[in-house]
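The structure appears below as structure tokens.
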Amino acid sequence: MADSSSPAILFCMRYPDDQGFVWKTIALTRDLVASHLKQFNCFIAFPVLTGRSAHVFRNMTPVELDCYGSGDLHKQKLARFIKERGVVAIVYMSALPSTLDMAFLRAVGVMTVNTENDSFDRSKTDSLLVQGVKFLVRTVAKRGIHDLHIANAESQGEWLRRHAKIPSSHLAVVPNGVDCNYYKPSLQNISKAPGRQIICVGQARAEKRIEWVIRAAAAVFLQPEFADVSFVYVGDGPMLATWVGLANDLQLKERFVFAGRKSDLLEYYQSAFLMVHAAERESFGLAVVEAMACALPVVACRAAGPSETICDGETGALVGIEDEEGFRLAIAAYLRNPEMARRHGDAGRQRANERFSISRQAEDIAKVIEDRLRQSRYMRGRSFL
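The sequence shown runs contiguously to residue 385 in UniProt numbering.
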């Protein structure tokens with residue numbers, strides 16, 4: 001157990017502490033990572049502590065700090081905290097070095113780690129000149145990068161190596177995980193509505209393509225055999241008004257529910273018959289694996305993350321990135337074959353347990369952070385058991 005004189009590690013969150021949604025899984029992961037870093041005092045920084053936290057931390061102390069802010073006041077407050085608490089490492093989330101003042105962070109003497117959760121456009125290509133500059137600056141000179149980038153999936157790690165030119169010495173791959181003890185099927189159907197519910201979850205951003213789900217719902221509702229089916233979208237963001245407008249134009253009414261952002265998704269997963277995910281870009285897809293842990297089959301586009309988490313034809317159905325018709329047909333196939341849906345859902349639950357455990361993820365992240373600190377200059381003159 002660390003004491004007040006022990007070095008500290010500061011973990012960062014982007015949103016106020018009352019934001020649940022998939023951020024609950026990310027915050028829990030960080031708390032579990034801290035449980036393996038017993039020789040350090042661990043803190044978790046939120047830009048705002050609201051007094052209505054969606055999270056309960058057992059292994060780290062919440063503090064109000066905006067570690068992503070670029071203003072002088074933010075940096076002064078962060079520098080004071082680093083000095084007073086003896087912080088040796090800051091663990092960011094989805095923070096490109098170009099969005100941070102890396103010179104400031106180097107000057108205050110902290111190692112920076114970034115857990116890579118962003119979904120990058122893998123169709124993007126650079127000119128030979130840009131590739132060469134990236135190689136020289138990042139791979140050779142090791143500038144403009146974090147001390148450690150932790151990719152959340154194998155495909156994410158490959159993209160960071162190949163496209164972003166992050167050197168292997170500064171890169172680790174630790175696949176995401178979810179709490180399969182919490183996310184599990186209900187012993188009974190707790191849905192308040194009769195019939196079968198199809199759920200989709202995600203931030204309301206363009207790449208999530210909820211318009212595909214809305215148009216799929218319209219096609220389903222035209223078929224009398226699916227009179228018992230409804231859809232619910234859980235999420236919020238800049239595209240929400242556009243999608244609500246499309247649903248209204250298609251006269252989906254009460255059979256397509258916009259639930260907004262919810263702090264806890266368990267009841268929604270447990271109430272559902274099927275999970276659908278139309279995103280064209282997805283580095284991992286926590287909601288997909290949370291749904292799998294609740295024994296839901298998943299229909300998804302063949303983006304990077306779902307291609308790793310879903311076994312096509314065994315735990316769900318993967319369709320081409322541009323195959324909207326295939327997306328609709330896959331949904332209909334599960335609706336017509338409840339036994340296949342049950343079988344694939346059970347297999348998904350087993351796969352989530354075996355491959356995507358949050359306990360395994362936390363232990364692996366703690367190990368790569370410890371290993372990197374051992375190799376770094378940031379622990380010189382400090383004891384490290």
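Even for Gly, the Cβ is constructed at its ideal location relative to N, Cα and C.
TODO: Give the C-beta separation of ILE310 and ILE198 to the nearest angstrom, bearing in mind that I take them to be a contact with Cβ-Cβ under 8 Å.
DONE: Their Cβ separation, rounded to whole angstroms, is 16 Å, which puts ILE310 and ILE198 out of contact at 8 Å.
- [ ] Starting from GLU280, trace the beta strand (DSSP E) both ways and give me its first and last residue.
- [x] In the DSSP assignment, GLU280 falls outside any beta strand (DSSP E) and carries neither an H nor an E.
- [ ] Identify which residue in HIS146, ARG14 and PHE104 has its Cα closest to the Cα of LEU373.
- [x] The alpha carbon of LEU373 has as its nearest neighbour, out of HIS146, ARG14 and PHE104, the alpha carbon of HIS146.
- [ ] Could you check if GLN223 is buried or exposed, using at least 16 other CB atoms within 10 Å of its CB as the buried criterion?
- [x] Taking a 10 Å sphere around the C-beta of GLN223, we find fewer than 16 other C-beta atoms and assign the residue as exposed.
TODO: Would you give the residue range spanned by the beta strand (DSSP E) that MET111 belongs to?
DONE: Its beta strand (DSSP E) spans residues 111 to 116.
- [ ] Name the two residues that bound the continuous beta strand (DSSP E) containing GLY260.
- [x] Taken as a continuous stretch (DSSP letters only), the beta strand (DSSP E) holding GLY260 covers 256 to 260.
Open item on the list: If distances are taken between C-alpha atoms only, which option among GLY245, MET239 and SER127 comes closest to GLY202?
Closed with: When each option's Cα is compared against that of GLY202, the closest is MET239.
Task: Beta-carbon spacing of VAL298, GLY235 below 8 Å - done: Not a contact, by the Cβ cut-off of 8 Å.
TODO: Can you give me the Cβ contacts of residue 391 inside the same chain, cut-off strictly under 8 Å, excluding the 5 residues immediately before and after it?
DONE: Because the chain spans 1 through 385 in this model, residue 391 falls outside it and cannot be assessed.
TODO: Quick one: grab the DSSP three-state call for ALA291.
DONE: ALA291 falls in the helix class under three-state DSSP.
TODO: Could you check which residue in LYS124, ASN181, LEU148 and LYS253 has the C-alpha nearest to that of VAL293?
DONE: It should be noted that the sequence gives Ala, not Val, for residue 293. Of LYS124, ASN181, LEU148 and LYS253, the residue nearest in Cα terms is ASN181.
Task: Buried or exposed by the 16-neighbour rule on C-beta atoms within 10 Å, applied to LYS192 - done: Here the model assigns LYS192 a pLDDT of 45, short of 50, so the residue's position is not dependable and the matter cannot be decided.
Task: Neighbourhood of HIS149 by C-beta distance below 7 Å, restricted to the same chain and skipping five residues each side - done: Taking HIS149 as the centre and dropping the five residues before and after it, the same chain places the C-beta of ASN114, GLU116, LEU160, ILE166, HIS170 and LEU171 closer than 7 Å to its C-beta, in chain order.
Task: Span of the alpha helix (DSSP H) around THR61 - done: Going by DSSP, THR61 is part of no alpha helix (DSSP H) but of the beta strand (DSSP E) stretching over 61 to 64.
Task: Exposure of LYS24, with buried meaning 16 or more beta-carbon neighbours within 10 Å - done: Of the residues assessed, LYS24 falls on the buried side of the cut-off, its CB having 16 or more other CB atoms within 10 angstroms.
Open item on the list: Just to confirm, is the Cβ distance from SER53 to PRO62 under 8 Å?
Closed with: Yes, Cβ-Cβ distance for SER53 and PRO62 is below 8 Å.
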